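Enquirer:
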Amino acid sequence: MDIYTYPKSRSIRATWMAEELGLDYQCHFTDVMSAEKQVPGKNQKVPALSDNGLVIFESSAICIYLAQTYGNGRFYPQDPKKQAIVNQWLAYIISELEGPLWIILRHAVVLPEAMRQPGAIEPAKADFLRAIKVIEQEISGKTWLCNDDFSVADIFLFHISRWAMMLGFVLSEDLVHYTGELEKRPALQRARQREQQAAENA
1027 MDIYTYPKSR SIRATWMAEE LGLDYQCHFT DVMSAEKQVP GKNQKVPALS
1077 DNGLVIFESS AICIYLAQTY GNGRFYPQDP KKQAIVNQWL AYIISELEGP
1127 LWIILRHAVV LPEAMRQPGA IEPAKADFLR AIKVIEQEIS GKTWLCNDDF
1177 SVADIFLFHI SRWAMMLGFV LSEDLVHYTG ELEKRPALQR ARQREQQAAE
1227 NA
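The sequence shown begins at 1027 in the numbering used here and counts up one residue at a time.
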């Protein structure tokens, strides 16, 4: 199994899932800034996964595949109703939270200055603030987002919450506490170390 990564990117979702599952995998640093980057996924972005001849891109697809294939019900439930709850929140996080944050990042940092549209930032901030209220209400008083158990959705919510705080958003006390507790998971620490080591050895 091979996972193609870049530190402090969405690839941490895939390596974190692999570490939670205790999988044996090779972590490959990919210089996303290089025109000569070699990534097996058709979109040429990280993360990408190669496993027994199967190549997958998109972090959500990778995490679900790993959990379904190797988790035996852990992190992505087999019960259709519980699975639907995870899918619901995963879709919400990606579309309603990550979408606006990516617009902000693109027009504040990522794009060349000549291509940035500063006018896009404030509407995206407003969209995020509306959407995060739903999450803040849901997570209030809870340890996990879905089904009283750690799941793929928690990996994504953690990543987006950290991203939002980095951009200066003030999140609810419960969401900040939730994020801090997830930060302590040994599998996340191992995943970060694997990605950093791969980058240093490249």
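Beta carbons are placed, not taken as given, at the ideal position from N, Cα and C, and that holds for glycine.
These numbers come from a predicted model, not from an experiment.
1. Could you tell me which residues DSSP puts in a beta bridge with Asp-1175?
2. Under DSSP, the alpha helix (DSSP H) around Ala-1117 begins and ends at which residues?
3. Sort out for me which residues DSSP pairs Phe-1101 with in a bridge.
4. Assuming Arg-1039 contacts Phe-1182 under a Cβ cut-off of 8 Å, what Cβ separation, rounded to an integer in Å, is found between them?
5. Can you name the start and end residues of the beta strand (DSSP E) that Val-1136 belongs to?
6. Using DSSP with H/G/I as helix, E/B as strand and the rest coil, what is Phe-1154?
7. Thr-1169: buried (16+ other C-beta within 10 angstroms of its C-beta) or exposed?
8. Residues in the same chain with beta-carbon distance under 6 Å from Leu-1075, minus the five sequence neighbours each way, listed in chain order, please.
9. Taking the beta carbon of Glu-1209 as the centre, do at least 16 other beta carbons fall within 10 Å, making it buried, or is it exposed?
10. Leaving aside the five residues before and after Ala-1225 along the sequence, list all residues of the same chain whose C-beta is less than 6 Å from its C-beta, in chain order.
11. Please return the same chain residues whose Cβ sits closer than 8 Å to the Cβ of Ala-1157, not counting the five positions on each side in sequence.
12. For a test of the three-state rule: what should DSSP assign to Phe-1184, helix, strand or coil?
13. Considering only C-alpha positions, which residue in the set Val-1112, Met-1027, Ile-1129 and Leu-1116 is nearest to Glu-1148?
14. Taking C-beta to C-beta, are Lys-1068 and Val-1058 nearer than 9 Å?
15. Hey, quick one: how far does the alpha helix (DSSP H) through Tyr-1051 stretch, first residue to last?
16. Beta-carbon within less than 6 Å of Asp-1200's beta-carbon, same chain only, minus the 5 sequence neighbours each way: which residues are those?
17. Between which residues of its own chain and Gln-1094 is the CB-CB distance below 7 Å, once the five residues before and five after are set aside?
18. Which same chain residues end up closer than 7 Å to Tyr-1096 when comparing Cβ atoms and leaving out the 5 residues on each side of it in sequence?
19. Just to confirm before moving on: does the CB-CB distance between Thr-1031 and Pro-1066 stay below 9 Å?
20. Considering Tyr-1204, what are the terminal residues of the alpha helix (DSSP H) in which it resides?
21. Reducing DSSP to helix, strand and coil, say where Thr-1041 ends up.
Expert: Once the coordinates are examined:
1. Cys-1172
2. 1106 to 1118
3. Ser-1177
4. 7 Å
5. Neither: Val-1136 is in no beta strand (DSSP E) and is coded neither H nor E.
6. helix
7. exposed
8. Ile-1029, Ile-1082 and Ile-1088
9. exposed
10. Pro-1033 and Phe-1055
11. Tyr-1118, Glu-1122, Leu-1123 and Pro-1126
12. helix
13. Ile-1129
14. no
15. Where Tyr-1051 is concerned, there is no enclosing alpha helix (DSSP H), given that its DSSP letter is neither H nor E.
16. Ile-1165 and Ser-1166
17. Tyr-1102
18. Leu-1047 and Leu-1049
19. no
20. 1199 to 1209
21. helix
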